[in-house]
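Asks:
Quick look at the structure:
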């Protein structure tokens, strides 16, 4: 028992430590946890399956099974079940709209199965995405490296059309990851080859078109579920696209062939998010970014 309590205490400290050391991951995690506390689903019986899936995802991503086998030897499966039960129970009790009902109790025995499900050891669903045009190389590279995460993210964004608040929260969450798609600089030869074929405006147009195709299911679902809120989806469209164009033009505004990236950070994310929400400041910044990015590109490509 003492060993188990020490392990659970270690797990708790480890969670806070990981959140503190990785702001990029901790902020989305905190946003998701906040949403799980306040979101209200049509029926109470929808909560247990949702939270069970989250506990299953946590188990499937864990990489400490050899450690548990070494420390707990014969009782390591019980530790897995106990940790899953804690996560499941905390999620259920944390939601302010949920009231205990039979679906939650029926789901508890299913947690036993987690002790016999082997977590993944290698990447899965690694598609090549060859049907994406080569000029969208940032997207192609991101999707190849993060296939399953991207698909899960798309499903979350599309599902966020359920409510106006979740639509914005999921949109802000997604924009942080979109920002990192354009964080790295391509080499000078690739830049020259690309912009001898396309102009900056063409790059903006082609990338924003692909971005909006990805968001199209969310637009459509929101209009179906909330037909009277057309102005809201119009604002969402403007907000998302302004931020996207700001982050893309910033890449080439700060581009230098000797620099690996353009030093995107949380300050830039907050600044561009606020400007895009207020719209008018974002329009002026975008205009300035396009002018400076065009001049910077000319230093490498020429007129």
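Residue numbers (this note's numbering): 190 to 492.
Ideal Cβ placement from N, Cα and C applies to all residues, glycine included.
Tell me the DSSP secondary structure of residue 450 in three-state form.
Replies: Three-state DSSP puts residue 450 in a strand.
Asks: Assign residue 354 to buried or exposed, taking buried as 16 or more other Cβ atoms, counted over all protein chains shown, within 10 Å of its Cβ.
Replies: Classification of residue 354: exposed, given that the 10 Å Cβ count is below 16.
Asks: Alpha helix (DSSP H) containing residue 283: first to last residue?
Replies: 265-283 is the span of the alpha helix (DSSP H), which, as asked, contains residue 283.
Asks: Looking at the C-beta of residue 377, does it have a partner C-beta in chain D at a distance below 8 Å?
Replies: The structure shown contains no chain D, having only a single protein chain.
Asks: Could you please give the first and the last residue of the uninterrupted alpha helix (DSSP H) stretch that includes residue 232?
Replies: Here residue 232 belongs to no alpha helix (DSSP H), and DSSP marks it neither H nor E.
Asks: Which residues share a DSSP beta bridge with residue 373?
Replies: In DSSP, residue 373 forms a bridge with 450.
Asks: Less than 8 Å between the beta carbons of residue 450 and residue 374, yes or no?
Replies: Cβ distance < 8 Å, so residue 450 and residue 374 count as in contact.
Asks: Measuring CA to CA, which of 295, 443, 191 and 367 is closest to residue 483?
Replies: Among 295, 443, 191 and 367, the Cα nearest to that of residue 483 belongs to 443.
Asks: Consult DSSP for residue 461 and reduce its assignment to one of helix, strand or coil.
Replies: Here residue 461 sits in helix by DSSP.
Asks: In the structure shown, what three-state DSSP assignment does residue 228 receive?
Replies: DSSP places residue 228 in coil when its eight states are reduced to three.
Asks: So what's residue 395 in DSSP terms, helix, strand or just coil?
Replies: The answer is helix: DSSP assigns residue 395 an H, G or I state.
Asks: Can residue 490 and residue 436 be called in contact, C-beta distance under 8 Å?
Replies: No, Cβ-Cβ distance for residue 490 and residue 436 is not below 8 Å.
Asks: Going by C-alpha distance, which of 345, 479, 238 and 342 is nearest residue 298?
Replies: Nearest option by C-alpha distance: 238.
Asks: With DSSP run on the structure shown, which of helix, strand or coil describes residue 431?
Replies: Three-state result, residue 431: helix.
Asks: So is residue 420 buried or exposed if we call it buried at 16+ other beta carbons inside 10 Å?
Replies: With fewer than 16 Cβ atoms within 10 Å of its Cβ, residue 420 is classed as exposed.
Asks: Does the stretch 421-435 come into contact with the stretch 389-401, if we say contact requires no fewer than three beta-carbon pairs (one atom in each stretch) closer than 8 Å?
Replies: With a cut-off of 8 Å, the stretch 389-401 and the stretch 421-435 count as touching, because enough Cβ pairs lie within range.
Asks: Under the three-state reduction of DSSP, which class applies to residue 378: helix, strand or coil?
Replies: Residue 378 falls in the helix class under three-state DSSP.
Asks: Using C-beta distances below 7 Å, list every residue in its chain close to residue 292, excluding the 5 sequence neighbours before and after it, in chain order.
Replies: Correct list, in chain order: 234 and 237.
Asks: Locate the alpha helix (DSSP H) running through residue 470, then write down its first and last residues.
Replies: Run containing residue 470: 469-490, per the alpha helix (DSSP H) assignment.
Asks: Comparing C-alpha positions only, which one of 193, 422, 277 and 325 sits nearest to residue 262?
Replies: Out of 193, 422, 277 and 325, 193 has the C-alpha closest to the C-alpha of residue 262.
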